[in-house]
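Enquirer: First the structure, which I've put down as structure tokens, then a few questions once you've had a look.
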Amino acid sequence: LIHAVKGGHLELVRALINKYADVDVEGADGKTALYWAVEKGHTAIVYLLLDCDPDLEICTKDGDTALLRAVRSRNEDVLRMLLDKKAKISVVDKKGDTALHIAIRGRSKKITELLLRNPRNSRLLYRPNKAGETPYQIDAYHQKGILSQIYGH
């Protein structure tokens, strides 16, 4: 399944899923079929895999989840799909970064807005990573902050 996903072979992925392929199987690097679909930007395959209710919190060896990969890739469509399936944005990578750390460090207003669509997620703006940085502090380093653009401060 992973090889079919990496190659972007939608019909083969569909056939394997119909034959009950386990969508949560991890490769040697801890990456699942969903993670690879997100990394490669295969949106139709992501959609197909999400219909199988995969475990959205499986981490790679680097501590990445499919959601963190979507944020790093700035893939709004995939991020929306993952959020609609209730992927946790509070998950952290090996550096202790949440999706908000990554989005704000990457200066992505659209991705940050999507992550903050649920008002409860704003509490993560004050969660420090292992270096002691919060997303709010990272944003404050920049003259034109993303958060001030979003919230109008």
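Residue numbers (UniProt numbering): 1 to 153. Glycine is no exception: its CB is placed at the ideal position from the N, C-alpha and C atoms.
1) With a threshold of 16 other CB atoms inside 10 Å of the CB of Y35, please say whether the residue is buried or exposed.
2) From the DSSP output, in three-state form, read off D22 for me.
3) Counting contacts by CB-CB distance shorter than 8 Å, is D62 in contact with chain C?
4) Indicate whether G106 and T60 have their beta-carbon atoms separated by less than 8 Å.
5) Which residue marks the beginning of the alpha helix (DSSP H) containing V78, and which one marks its end?
6) If distances are taken between C-alpha atoms only, which option among Y141, A4, K110 comes closest to L16?
7) Is L67 near A99, with beta carbons less than 8 Å apart?
8) Rounded to the nearest angstrom, how far is the Cβ of E76 from that of K110, given a contact under 8 Å?
9) What is the DSSP secondary structure of E11, reduced to helix, strand or coil?
10) What would DSSP say about T98, mapped onto helix, strand or coil?
11) Leaving out five residues on either side along the sequence, give the residues of the same chain with a beta carbon under 6 Å from the beta carbon of K95.
12) Count the other C-beta atoms from every protein chain shown that fall within 10 angstroms of the C-beta of P119, then say buried if there are 16 or more, exposed otherwise.
Expert: Taking the structure as given:
1) buried
2) coil
3) Among the chains of the structure shown, chain C does not appear; only one protein chain is present.
4) no
5) 76 to 84
6) A4
7) Between L67 and A99, the CB-CB gap stays under 8 Å.
8) 6 Å
9) E11 falls in the helix class under three-state DSSP.
10) coil
11) N129, K130
12) When all chains shown are included, P119 counts as exposed.
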